[in-house]
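Below is one structure, written out as structure tokens, with a few remarks after it.
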Ligand SMILES: Cc1cc2nc3c(=O)[nH]c(=O)nc-3n(C[C@H](O)[C@H](O)[C@H](O)COP(=O)(O)OP(=O)(O)OC[C@H]3O[C@@H](n4cnc5c(N)ncnc54)[C@H](O)[C@@H]3O)c2cc1C
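Residue numbers (our numbering): 518 to 887.
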């Protein structure tokens, strides 16, 4: 029989889970905030990326690998259901190393990760390529680059189209979305849960928090940690330029419309999602070091957005012991993990086996021993 789920948060995480549950025949209602809300889902770089994930927590690397493996079918499914092409490409990606120390450290990290996980040893493919060997993948690469790690698993998409497609697909599957309905309180209510909003109370048998940075206020009300903090990223975009066959990198990628999206900054700026001239200049300098031809390109847009960061940078998948049926889902790579969230993760929530199947990701890892 269909169960009744209330999801607090209509970003890419909440909507991926909403879609997954609705696909499985459940009854889902989503509450979201107003248009001025903090939303990482509308300000990110759009990478579907495995490199660099799970250093220190191999299980996260495994989930990322599972997610990118599921991504092509996920993108096709969204397109056939909604007509929206999320512009997903998975032809591999390069993470650039600017000097020899960075190159040595990166390779040591990837080897350690492969030693820690047999699945990663078997399934995660990568190679270090020096600057000349990178040229076929990154035509016009600057002389002043040491090299980079190549991996076939990495790719990118248009994250705004992804969010739109998730909304369209969820609505198509019967999900009810209430925008401008911020939950100020969540609590147990009889055998289920209630969320209090300015538009009234919403009730359901089970409740999922997917509120991004809103988790830190809401999760403790249900005995969950919600241990997240904002980490600002700034992004700049160039004018549209002729498309070149090249692979994406976390530092810079050419989007389907031709603009170069530049940005991999991380700053502690509290809840300030603004931009700074210093950071925009640093991003422009990095971009022209990678592709000197961009020195003549005009920048047309810049923005800041707040990452949803846990203390160790790994996802937080919590189910409440105090309030069974309540969950909290946070991560800082919700684009990469979208296919996993809509698939295996939402099924694990449905069957109430989140704690059993994903124990590494519970909030207990942040408990301070007495
Ligand atoms: C600059 C930058 C670059 C990034 N690049 C990548 C990348 O390349 N690849 C990748 O995988 N990830 C990337 N990320 C991370 C990715 O964007 C996030 O992991 C993802 O967007 C998190 O989605 P979310 O739904 O958890 O949070 P959000 O997008 O922040 O959404 C949370 C939602 O919850 C709602 N909400 C909050 N509180 C309440 C409340 N009380 N009641 C109702 N609703 C509430 C908000 O209104 C919002 O809609 C990047 C992030 C940034 C900032």
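Backbone N, C-alpha and C define an ideal beta-carbon position, used for all residues, glycine too.
Straight-line Cα distance separating residue j from residue i
| i | j | result |
| --- | --- | --- |
| residue 458 | residue 563 | Summary: the structure shown does not reach residue 458, with the chain confined to residues 518 through 887, and so no result is reported for it. |
| residue 635 | residue 728 | 34 Å |
| residue 695 | residue 760 | 39 Å |
| residue 715 | residue 735 | 16 Å |
| residue 502 | residue 544 | This structure leaves residue 502 out entirely; the chain is present only between 518 and 887. |
| residue 657 | residue 878 | 41 Å |
| residue 700 | residue 850 | 24 Å |
| residue 698 | residue 548 | 6 Å |
| residue 560 | residue 822 | 5 Å |
| residue 870 | residue 723 | 14 Å |
| residue 600 | residue 618 | 46 Å |
| residue 659 | residue 807 | 5 Å |
| residue 829 | residue 569 | 13 Å |
| residue 779 | residue 801 | 8 Å |
| residue 753 | residue 706 | 46 Å |
| residue 546 | residue 557 | 21 Å |
| residue 609 | residue 526 | 31 Å |
| residue 519 | residue 790 | 40 Å |
| residue 597 | residue 591 | 10 Å |
| residue 818 | residue 553 | 19 Å |
| residue 613 | residue 588 | 24 Å |
| residue 494 | residue 653 | Coverage of the chain is limited to positions 518 through 887, which leaves residue 494 absent and any answer about it impossible. |
| residue 647 | residue 627 | 17 Å |
| residue 775 | residue 639 | 35 Å |
| residue 595 | residue 682 | 6 Å |
| residue 744 | residue 771 | 34 Å |
| residue 746 | residue 835 | 16 Å |
| residue 622 | residue 573 | 14 Å |
| residue 620 | residue 642 | 17 Å |
| residue 581 | residue 567 | 6 Å |
| residue 853 | residue 813 | 32 Å |
| residue 848 | residue 606 | 22 Å |
| residue 702 | residue 528 | 19 Å |
| residue 785 | residue 797 | 16 Å |
| residue 884 | residue 730 | 19 Å |
| residue 661 | residue 799 | 16 Å |
| residue 692 | residue 684 | 9 Å |
Residues bridged to residue i [DSSP beta-bridge criterion]
| i | result |
| --- | --- |
| residue 544 | 521 |
| residue 606 | 673 |
| residue 631 | Beta-bridge pairing links residue 631 to no other residue. |
| residue 612 | 666 |
| residue 771 | 777 |
| residue 784 | 749 |
Any non-hydrogen atom of ligand 1 within 6 Å of residue i CB
| i | result |
| --- | --- |
| residue 699 | yes |
| residue 849 | yes |
| residue 550 | yes |
| residue 754 | no |
| residue 556 | yes |
| residue 657 | no |
| residue 666 | no |
| residue 825 | yes |
| residue 561 | yes |
| residue 724 | no |
| residue 745 | no |
| residue 692 | no |
| residue 682 | no |
| residue 750 | yes |
| residue 853 | yes |
| residue 764 | no |
| residue 739 | no |
| residue 525 | yes |
Which of helix, strand or coil DSSP assigns to residue i
| i | result |
| --- | --- |
| residue 816 | strand |
| residue 588 | helix |
| residue 574 | coil |
| residue 601 | coil |
| residue 550 | coil |
| residue 880 | helix |
| residue 779 | strand |
| residue 639 | helix |
| residue 558 | helix |
| residue 658 | coil |
| residue 652 | coil |
| residue 645 | strand |
| residue 568 | coil |
| residue 536 | helix |
| residue 531 | helix |
Near ligand 3: residue i beta-carbon under 6 Å from a heavy atom
| i | result |
| --- | --- |
| residue 529 | Although ligand 3 was asked about, the structure shown includes only ligand 1 as ligands. |
Requested in this report: Would you mind listing the beta strand (DSSP E) stretches within the stretch 678-763 that are 3+ residues and don't spill past its ends, in chain order?
Outcome: 693-695, 702-706, 709-714, 717-721, 723-726, 746-755
Report task. Kindly provide the ranges of any beta strand (DSSP E) runs that are 3 or more residues long and lie completely inside the stretch 790-873, ordered along the chain. Result -> 816-826, 833-836, 843-847
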